[in-house]
Amino acid sequence: MIANVNGYQAYQKNKYSTASPHKLITMLYDGAIRFANQAIGFIEQRDIQGKASAIHRFQEIIYELISCLNFKEGKQLADNLYSLYNYIIELSNKSSVEMSIEPLKEAIGIITEIKSAWEQIGKEVQING
Numbered sequence: 002m003i004a005n006v007n008g009y010q011a012y013q014k015n016k017y018s019t020a021s022p023h024k025l026i027t028m029l030y031d032g033a034i035r036f037a038n039q040a041i042g043f044i045e046q047r048d049i050q051g052k053a054s055a056i057h058r059f060q061e062i063i064y065e066l067i068s069c070l071n072f073k074e075g076k077q078l079a080d081n082l083y084s085l086y087n088y089i090i091e092l093s094n095k096s097s098v099e100m101s102i103e104p105l106k107e108a109i110g111i112i113t114e115i116k117s118a119w120e121q122i123g124k125e126v127q128i129n130g
């Protein structure tokens, strides 16, 4: 059993260390959506500790996305994403304080749209690159 766990951990580590920068950003979006959905479930169950943990992990991912922004090469796009990411953080804080799922649902919608655009850019780069 331990060998299986170690093998799985090695696989997971390798998955992230060998992924392209584009794929890593996609994985961050997926993680953010996953933790937001977990937080929604915890809010619905009135599980305050679970909600706090899921929102914290969600926000860590959003902050990581902020740290990936390139303000030198894509200033306008980076500025727009920075504003959206900060709004997403505000939504998650509101959801946490009010124990309301609606702000997180809005945040998931925004992230899903950004992720979709990001995936389209990746397809175009693969075709044209």
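Numbering of the sequence shown is given in the working numbering, commencing with residue 2 and proceeding in unit increments. Don't be surprised by glycine CBs; every beta carbon is placed ideally from N, CA and C. In this text, all values refer to a predicted model and were calculated from it rather than measured experimentally.
Quick check: the Cα distance between Arg-47 and Ile-56, rounded to an integer number of angstroms? Each residue's Cα considered, the two are about 14 Å apart.
Drop a sphere of 10 angstroms on the beta-carbon of Ser-21, count the other beta-carbons inside from all chains shown, and report buried for 16 or more, exposed for fewer. Result: exposed.
Tell me whether the beta-carbon of Leu-92 lies closer than 8 Å to the beta-carbon of Ala-108. Cβ distance < 8 Å, so Leu-92 and Ala-108 count as in contact.
Can you give me the start and stop residues for the alpha helix (DSSP H) that Ala-33 sits inside? Where Ala-33 is concerned, the enclosing alpha helix (DSSP H) stretches over 22-45.
Considering only the beta carbon of each residue, do Ile-62 and Leu-29 sit closer than 8 Å? Contact flag set, yes.
Selected residue, minimal CA-CA separation from Ser-96, among Ala-37, Thr-113, Thr-27 and Arg-58: For Ser-96, the nearest C-alpha among the options comes from Ala-37.
Could you give the first and the last residue of the continuous alpha helix (DSSP H) run that contains Ile-90? Going by DSSP, Ile-90 is part of the alpha helix (DSSP H) stretching over 76-99.
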